[in-house]
Each structure stands twice: as C-alpha cells, then as structure tokens.
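Numbering (full-length UniProt numbering), first residue to last: 1 to 279.
Positions of the beta carbon are idealized from the N, C-alpha and C atoms, including for glycine.
What you are looking at is a predicted structure, and each value in this text was computed from that prediction instead of being measured.
Okay, so here's the structure we're looking at.
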C-alpha cells in the first residue's frame, strides 16, 4: 500500500514574514498548501495579511486568485464563473479550475479543506466540506464537475487537510445520522430513528461514528465520511490522503471555531497546471 507523506514547508512573503504551511506528497505535482494561519517568525503578521491575495506569493505569484463566499452548501463553481479575486464573492463551497495556472482557495477552521487534482488534465478543485456540505455530498459534486470537463476517476489525487478529528467532534445523533446516511448502501426509511442509523454505521470498518457518553450526542469523523463517499465513487484508497492533524487539538498550529468560538480561519489552495500531454 502506498503511504503518502505530509510535510511542513516554511517560506517568506515579500514582507519577510515567514509562513508555515503543510503539503502532501500525493499532490506534489501541483503547487499547493494547507496554511496554518500562524506565522513562524517573531514578526507576527496580522490576520488581514494571511489572505489569498498575499499568500499566493508563496505558491505561484503570477497565478490569479479565485475564491468564494462559503455557505455550507454543495454548490460548485468554475473559476470562470466566479472571476478573479474581488470583494463581492459568489456563494458556493467548491471551485474547479478551467485553465492552467489558476489558484483556487477555500478557508476553514474545523471543516475539512479538500484539494483535488487530475494527473492527466492538470485541472484542480478546492472544496470546503463541513458536516452540512458533506451531508449534501459536496466533494462528489466537485468531482462530477471535473468529470464534466474530461477528468477520469483513476487520474484523481485527493488530499483532505487538517480538520477537527472524530474523537473530539461532538454533534447531535440527528446530525451524525444525517451525515452518516450518505454512505449507507442499503435503503433507510425516512422516519428511521437516528440511533438505528448510527447502529448500522458503527458496524462499518473504521466507522465514522463513535459513542459519546452524553445522551443524544455522538462523535462524528467528517473526513472519514468523505473518504468513504470517495471510495464509493470508485476512487481507490491510494488516491486519497488524510492529514494527520486535528485543528481542535493543535492550538499552536490551527484556528478552531469549536475550541475558541472565534471566527478565525486558515486557507488552503492549489494551482492548476497544464495537461500532461502538453507539459
């Protein structure tokens, strides 16, 4: 089995502020990064400096920036549909490239940032997948957009970045059942009790649901649900990498809304490249 590695990089902005970000070996053919939102130098940048228009210097300075207003849905737009970096952003939770050298950006605090790349076409996608978006299959929606542009599943490479881990992500059993039901292969009655759905999910290998001592609550592994959604599409485990970091449990590296109740985010991005046969 192929083991993908996650590595920390440190580079400086033009302001000489050093920024640390995470990369994945699975996506090494593309400029990409899962940023921490924290500087690694005594000269700490203001949060307003840690935005795509500045961070793109690190990935590919000449690449235009594309971003969206994230609303916890499953709308996926192309770079052409949203236009380059501006102040009036369109509502969506996924972006796909439509030509080379486009940088696609999503932000997160506990939700899962997902970066997708096609080894043949060079095109990419960036997705914000919280529990709501995951329940609406936002990542499969993004892959469908890539397929409509010529991608084949066997050529996709998918990195799920730092997010809140299942063992510390407490949600209601209703939410856990709603999200978990997306990976069940047997029909579930519309009026099925959440606990009945969760009992089925707990029988899965490496289940995405963990027990919680508090009545009416459960622990939910959103990244595991996304991984299973991808595998059910026909994507192999070797095409998927999951970052070994939890935003909630690593306060020295990541913002976490669940931990602080503050609206702070870190950014993730990937830059499209030319098709394999034109490189």
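For residue 242, same chain residues with a beta-carbon under 6 angstroms away, outside a window of 5 residues either side, are 160 and 223 in chain order.
Using a Cβ distance threshold of 7 angstroms, residue 272 and residue 100 count as a contacting pair.
Remark: C-beta atoms of residue 74 and residue 138 approach each other more closely than 7 angstroms.
DSSP places residue 195 within a helical segment (H, G or I) once states are collapsed to three.
The beta carbon of residue 214 lies closer than 8 angstroms to those of 170 in the same chain, with the five residues before and after it left out.
Inter-segment contact for the region 192-209 and the region 144-163 is absent: fewer than three beta-carbon pairs are separated by less than 8 angstroms.
The region 86-94 makes contact with the region 121-135: 3 or more CB pairs, one atom from each, lie closer than 8 angstroms.
With contacts defined by Cβ atoms closer than 7 angstroms, residue 208 and residue 191 do not form a contacting pair. In this structure, the beta-carbon distance from residue 68 to residue 238 does not fall below 7 angstroms.
With contacts defined as CB atoms closer than 7 angstroms, residue 164 and residue 258 qualify as a contacting pair. Of all alpha-carbon atoms in 63, 143, 87 and 240, the one lying nearest the alpha-carbon of residue 104 is that of 63.
Three or more beta-carbon pairs separated by less than 8 angstroms are not found between the region 244-257 and the region 75-85, which leaves the two stretches without contact.
The three-state reading of DSSP puts residue 103 in strand, counting E and B together. The region 170-187 makes contact with the region 225-232; the number of CB pairs closer than 8 angstroms reaches 3 or more. Residue 217 is bridged by DSSP to 172. Approximately 19 angstroms separates the beta-carbon atoms of residue 113 and residue 233; this is outside 8 angstroms, ruling out the contact. Inter-residue distance for residue 174 and residue 72 is about 17 angstroms (C-alpha atoms, whole angstroms). Leaving aside the five residues that flank residue 111 on each side, the residues in its chain whose CB is nearer than 7 angstroms to its CB run, in chain order, 128, 129, 130 and 163. When only Cα atoms are considered, residue 135 and residue 201 end up about 14 angstroms apart. Distances from the CA of residue 59 to each of 210, 14 and 254 were compared; the closest alpha carbon is that of 14. Residue 158 sits in a strand when the DSSP states are folded into three classes. Taking 3 residues as the minimum length, the beta strand (DSSP E) runs contained wholly in the region 5-29 are 6-12 and 18-24, in order along the chain.
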